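Novice:
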Amino acid sequence: MKKLPPSLITLVIGLLLGFLVSRGTEGSDKGNGSAGDDTAGESSHIPRRENAPSSKGSKKAKKASHRAGSVGLQKLLDLTGTHHGAPPTREFFEALDALDPSDISLLLAELNDIPQGDGRGYRLRNSLYNLWAKHNPEEAWSAALLEKNTNYRGQAISAVMGEVAQSDITRAQEMLGDIEDYQVEQSALFAIINSASSDHPEVVFDLLTSKMLKSNQSHLFHSLFYNWASDNPDLAIAKLEEIKNPQDKSQACSAIASSLASSDPEKAIEFAMGIESANIRNTVLGNVAAGLVSDDPQKALKLLDDITSRQARASVLSNIASTWLRSDPDAAIAWIDTLPSNEQSRVMENGMWQFMHNNVEKAAELLSSLPQGNRSSHFYSSLAGQWAQRDPDAALKWVESLPMGQTRSQAMNGVLNSVAAQDPQLAASYYEQEGSNQNSSNQVGNIFFNWAKTDQKAAIAWMNGLDLKGDARRNAISNAVSQWAHQDAENAAAFVLSLDNAKEQGQAISSLMGGWGSNDPDTAMTWAETNLEGEMRNKALGSLVQNLSHSDYLAAVEIYNKATADLPSETIEKNFANVTSQIVSSWSQHDPQGASEWLMDQPEGDQRSRSVKSMVDNWGNYDIDGAAEFVLTLHEGKERDGAIQSLVRDVQRSDPEAAFLWAESVGDENSRTDLIRQSARSWNEADPDAAHAAIMAADLSDKSRKSILKNLGY
87 MKKLPPSLIT
97 LVIGLLLGFL
107 VSRGTEGSDK
117 GNGSAGDDTA
127 GESSHIPRRE
137 NAPSSKGSKK
147 AKKASHRAGS
157 VGLQKLLDLT
167 GTHHGAPPTR
177 EFFEALDALD
187 PSDISLLLAE
197 LNDIPQGDGR
207 GYRLRNSLYN
217 LWAKHNPEEA
227 WSAALLEKNT
237 NYRGQAISAV
247 MGEVAQSDIT
257 RAQEMLGDIE
267 DYQVEQSALF
277 AIINSASSDH
287 PEVVFDLLTS
297 KMLKSNQSHL
307 FHSLFYNWAS
317 DNPDLAIAKL
327 EEIKNPQDKS
337 QACSAIASSL
347 ASSDPEKAIE
357 FAMGIESANI
367 RNTVLGNVAA
377 GLVSDDPQKA
387 LKLLDDITSR
397 QARASVLSNI
407 ASTWLRSDPD
417 AAIAWIDTLP
427 SNEQSRVMEN
437 GMWQFMHNNV
447 EKAAELLSSL
457 PQGNRSSHFY
467 SSLAGQWAQR
477 DPDAALKWVE
487 SLPMGQTRSQ
497 AMNGVLNSVA
507 AQDPQLAASY
517 YEQEGSNQNS
527 SNQVGNIFFN
537 WAKTDQKAAI
547 AWMNGLDLKG
557 DARRNAISNA
567 VSQWAHQDAE
577 NAAAFVLSLD
587 NAKEQGQAIS
597 SLMGGWGSND
607 PDTAMTWAET
617 NLEGEMRNKA
627 LGSLVQNLSH
637 SDYLAAVEIY
647 NKATADLPSE
657 TIEKNFANVT
667 SQIVSSWSQH
677 DPQGASEWLM
687 DQPEGDQRSR
697 SVKSMVDNWG
707 NYDIDGAAEF
717 VLTLHEGKER
727 DGAIQSLVRD
737 VQRSDPEAAF
747 LWAESVGDEN
757 SRTDLIRQSA
767 RSWNEADPDA
777 AHAAIMAADL
787 SDKSRKSILK
797 NLGY
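According to this note's numbering, the residues represented by the sequence shown are 87 to 800, in order.
Spelled out as structure tokens, the structure:
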């Protein structure tokens with residue numbers, strides 16, 4: 087074996103050298119803690135959902151709600167706002183203030199019975215944890231760490247962390263050490279940063295520039311420096327020199343300029359013009375212009391002369407138009423008419439959104455001046471939908487005035503979607519009057535869903551009378567059931583069982599499981615096991631698990647293990663295709679070690695191989711060393727080769743030499759050649775001599791070697 091030059095990722099190369107040395111040893115040992123290690127004990131690697139509220143605890147919570155009287159759970163939910171994002175009422179905050187702190191934990195336990203799809207529950211949980219942290223931060227913190235649902239746990243930790251950071255930034259930083267989940271740690275960091283930016287800007291700056299925050303945080307620089315520049319612009323400007331990442335610096339500069347533009351426009355312009363980077367200067371000048379346009383549009387327009395980038399100029403034009411149209415639409419439109427035609431069209435599109443919510447007639451007039459096509463067709467749908475909420479007949483009349491084609495179809499979709507929510511029978515008559523188009527399945531499904539909520543018999547009769555066949559009818563039913571399951575799963579399930587066509591029923595069951603499973607997975611599973619048999623049952627449970635894994639991978643694992651416990655591996659491979667891949671894709675973002683242990687207990691086959699590849703790809707995004715250790719536990723073969731393909735993509739960004747070494751260890755000749763070609767390209771950019779020497783020594787055919795060298799310019 088050739089002597090390896092130094093590598094940036096010493097652990098990866100060290101582990102791989104150990105693997106290569108022992109590669110020829112018969113029955114290679116996978117190492118301590120590997121998936122096949124019998125010394126691991128009898129653990130099945132199934133995650134435990136500990137500390138889940140029992141039914142007894144739920145009863146206590148209900149008693150607490152009744153004891154709290156006017157601030158019981160249902161009362162709080164009603165005051166929180168609607169399902170559609172309405173803000174909480176003033177009475178909601180008064181009710182929170184009236185809560186006895188001892189009741190908060192019990193209310194949170196009862197809140198676990200609220201469907202996940204109910205946005206009120208999400209907002210209320212946040213508020214309760216915030217309130218708890220004010221009264222007893224340590225108790226709230228302990229409870230947050232023990233939340234059984236992964237989404238709830240991250241939400242609770244962030245809520246507590248944000249509250250603690252406002253009063254004790256040092257304790258908030260200490261709490262980070264208690265978090266084991268990578269994604270939750272990142273969310274907690276965001277909470278600290280957002281809460282402490284105003285009072286502790288230098289602490290937040292240190293967090294932002296530390297290695298702890300591994301994901302893209304550029305937007306947080308904007309929030310921090312905007313507040314910082316308001317209080318101490320000179321110190322904020324001085325800190326810019328310590329920012330190394332260009333994207334982060336651009337966000338910070340833009341924030342400073344935006345903050346200054348409202349308080350000291352001349353200083354904002356002076357600051358922007360002094361930025362050395364042309365790209366950042368163009369962006370910042372655009373933000374200054376947008377900040378000036380309301381008070382002094384002419385001064386804002388003058389800044390366009392100093393913007394050299396065409397892309398930045400286009401962005402500035404849109405920002406100016408957007409702001410100016412709100413304050414003085416007639417003057418703004420007159421200015422837009424003076425622009426070159428290519429800029430005029432883009433700015434007009436941007437201006438559409440300003441009128442759509444306030445003056446639909448004016449928006450329709452403006453829209454008629456735009457060229458019809460893909461770039462403007464979505465405006466027709468939005469405008470028609472807005473119009474139909476106020477005056478459906480007028481909106482329909484406008485749609486009928488449009489020429490036949492894509493834009494008219496989009497506009498009709500907007501009318502139907504809006505009217506269906508208010509009067510599905512009227513929407514049905516509109517649909518029949520207009521005739522079908524390429525979106526008939528979505529339109530029919532939406533109308534049917536809304537109609538069935540009040541008159542299922544009439545809705546079914548209407549849909550059966552339509553000339554929909556094959557895929558169009560199946561898709562319409564599936565679309566309706568998907569929406570229906572979120573609001574009334576039992577009636578949706580009864581409708582699905584009434585379907586005679588097997589293909590329609592199968593697709594509808596998949597949609598039912600998706601919607602029902604996100605709110606009440608246990609009941610959905612019980613229904614499937616009680617009412618379905620054989621392959622249809624297995625596919626339904628597969629759909630349930632796959633959808634649930636996005637929101638609660640621990641619950642998804644439990645249901646998957648129960649559903650497949652008595653099934654042969656061939657049936658699992660056939661009816662649960664891609665299910666394990668989806669589970670580990672979600673799981674590995676939080677706990678890759680636990681995901682890997684569970685995955686390697688699953689039957690071998692194509693499904694597990696795909697899952698391994700997906701998991702390594704996720705794992706390698708933030709922990710290459712951990713991903714490398716796992717890959718080394720795999721036996722040679724297709725599964726290991728696929729995992730190395732994912733690992734090479736991640737490793738070569740920071741250490742192309744290590745990536746090349748991994749590529750050489752692939753067993754399949756064609757895959758090995760492709761990966762060597764891929765990693766050699768990255769290595770050649772960093773160190774051409776070392777890359778060339780490695781290619782010459784690699785296990786390649788003469789033809790492949792010549793091809794790789796030729797592509798690299800040799």
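Heads up, the beta-carbon is just placed ideally off N, CA and C, and yes, glycines get one too.
The structure displayed is predicted, hence computed values, not measured ones.
Counting along the chain, where does the alpha helix (DSSP H) carrying K625 start and finish?
Specialist: It spans 620-634 - the alpha helix (DSSP H) in which K625 sits, taken as one unbroken run.
Novice: Relative to the C-alpha of H305, which candidate in V289, S284, H286, S340 has its C-alpha closest?
Specialist: Of V289, S284, H286, S340, the residue nearest in Cα terms is S340.
Novice: Which residue comes first and which comes last in the alpha helix (DSSP H) that contains E486?
Specialist: From DSSP, the alpha helix (DSSP H) with E486 extends over 478-486.
Novice: Between the Cα of I563 and the Cα atoms of K589, T540, E576, Q573, which residue gives the shortest distance?
Specialist: Ranking K589, T540, E576, Q573 by Cα distance to I563 puts K589 first.
Novice: If I follow the unbroken alpha helix (DSSP H) through G753, where does it start and stop?
Specialist: Where G753 is concerned, there is no enclosing alpha helix (DSSP H), given that its DSSP letter is neither H nor E.
Novice: Within 8 Å, do at least three Cβ pairs link the segment 337-355 to the segment 315-326?
Specialist: In short, these stretches touch, since the Cβ pair count reaches three.
Novice: Is S597 closer than 8 Å to A571 when the C-beta atoms are compared?
Specialist: Cβ distance < 8 Å, so A571 and S597 count as in contact.
Novice: Take M490 as the anchor and find which of G471, N216, E520, S504 has the nearest alpha-carbon.
Specialist: Residue E520 is the option with its Cα nearest to M490.
Novice: Helix, strand or coil for N415? Go by DSSP, reduced to three states.
Specialist: One point to set straight first is that residue 415 is Pro, not Asn, in the sequence displayed. In the structure shown, P415 sits in a helix (DSSP, three-state: H, G or I).
Novice: Looking at the unbroken alpha helix (DSSP H) that takes in K589, where does it start and where does it end?
Specialist: Where K589 is concerned, the enclosing alpha helix (DSSP H) stretches over 588-605.
Novice: Inspect the beta-carbon positions of Q252 and S273 and report whether they are closer than 8 Å.
Specialist: Going by C-beta atoms, Q252 is not nearer than 8 Å to S273.
Novice: Report the CB separation of S768 from Q738 in whole angstroms; it is logged as a contact under 8 Å.
Specialist: Contact flag correct, Cβ pair sits at about 4 Å.
Novice: Within 10 angstroms of its Cβ, does R176 collect 16 or more other Cβ (buried), or is it exposed?
Specialist: Result: exposed.
Novice: Is it true that the CB of S336 sits closer than 8 Å to the CB of S309?
Specialist: In this structure, S336 does not lie closer than 8 Å to S309 by Cβ.
Novice: Can you tell me whether A258 is buried or exposed, with buried defined as 16 or more other CB within 10 angstroms of its CB?
Specialist: Burial call: buried.
Novice: Excluding the 5 residues flanking V246 on each side, which residues of the same chain have their C-beta closer than 6 Å to its C-beta?
Specialist: The residues are Y215, A219, A226, W227, A230.
Novice: Going straight from the alpha carbon of V433 to that of L452, what length do you get?
Specialist: Approximately 11 Å, taken between the alpha carbons.
Novice: For the structure I just gave you, are there three or more beta carbon pairs, one from the segment 526-540 and one from the segment 477-493, closer than 8 Å?
Specialist: No, they do not touch.
Novice: Within this structure, are the beta carbons of T409 and V370 separated by less than 8 Å?
Specialist: No; because the gap between Cβ atoms is not below 8 Å, this pair is not in contact.
Novice: In or out: Y238 buried (at least 16 other Cβ within 10 Å) or exposed?
Specialist: The residue is buried, with at least 16 neighbouring Cβ atoms inside 10 Å.
Novice: Going by Cα to Cα distance, which pick from K789, V752, D785, A745 is closest to A772?
Specialist: If we check each option's Cα against that of A772, A745 comes out closest.
Novice: By Cβ distance below 7 Å, which residues in the same chain neighbour V374 in space, the five residues on each side in sequence not counted?
Specialist: Result list for V374: A343, A347, A354, I355, A358, L389, in chain order.
Novice: Pop quiz: I669 and V643 are said to be a contact at Cβ under 8 Å. What is the actual Cβ separation, rounded to whole angstroms?
Specialist: I669 to V643, Cβ: 6 Å. Contact.
Novice: Could you tell me the alpha carbon to alpha carbon distance between D392 and A497, rounded to whole angstroms?
Specialist: Going from the Cα of D392 to the Cα of A497 covers about 40 Å.
Novice: Mapping the DSSP letters down to three states, classify H152 as helix, strand or coil.
Specialist: The predicted position of H152 is uncertain, since its pLDDT is 41 and thus under 50; no value can be drawn from it.
Novice: Tell me where the alpha helix (DSSP H) around Q333 begins and ends.
Specialist: Here the alpha helix (DSSP H) through Q333 covers 332-349.
Novice: Leaving out five residues on either side along the sequence, give the residues of the same chain with a beta carbon under 7 Å from the beta carbon of A398.
Specialist: Result list for A398: N368, T369, G372, in chain order.
Novice: Would you identify the three-state DSSP class for S284, choosing helix, strand or coil?
Specialist: S284: coil per DSSP, three-state reduction.
Novice: In the DSSP assignment, find the unbroken alpha helix (DSSP H) run with S787 in it and report its ends.
Specialist: Looking at the DSSP string, S787 is not in any alpha helix (DSSP H), and its letter there is neither H nor E.
Novice: Kindly indicate which three-state DSSP category G799 falls into: helix, strand or coil?
Specialist: If DSSP states are grouped into helix, strand and coil, G799 belongs with coil.
Novice: Does the beta-carbon distance from L630 to G592 come in below 8 Å?
Specialist: No, they are not a contact pair.
Novice: Quick one: is T650 buried, meaning 16 or more other Cβ sit within 10 Å of its Cβ, or exposed?
Specialist: By the neighbour-count rule (16 or more Cβ atoms within 10 Å), T650 is buried.
Novice: Provide the residue span of the alpha helix (DSSP H) that contains Q573, from first to last.
Specialist: Counting along the chain, the alpha helix (DSSP H) containing Q573 begins and ends at 556-573.
Novice: Short of 7 Å in beta carbon distance, which residues of its chain neighbour A578, apart from the five on each side in sequence? Order them along the chain.
Specialist: The answer, listed in chain order, is V567, W570, A571, L598.
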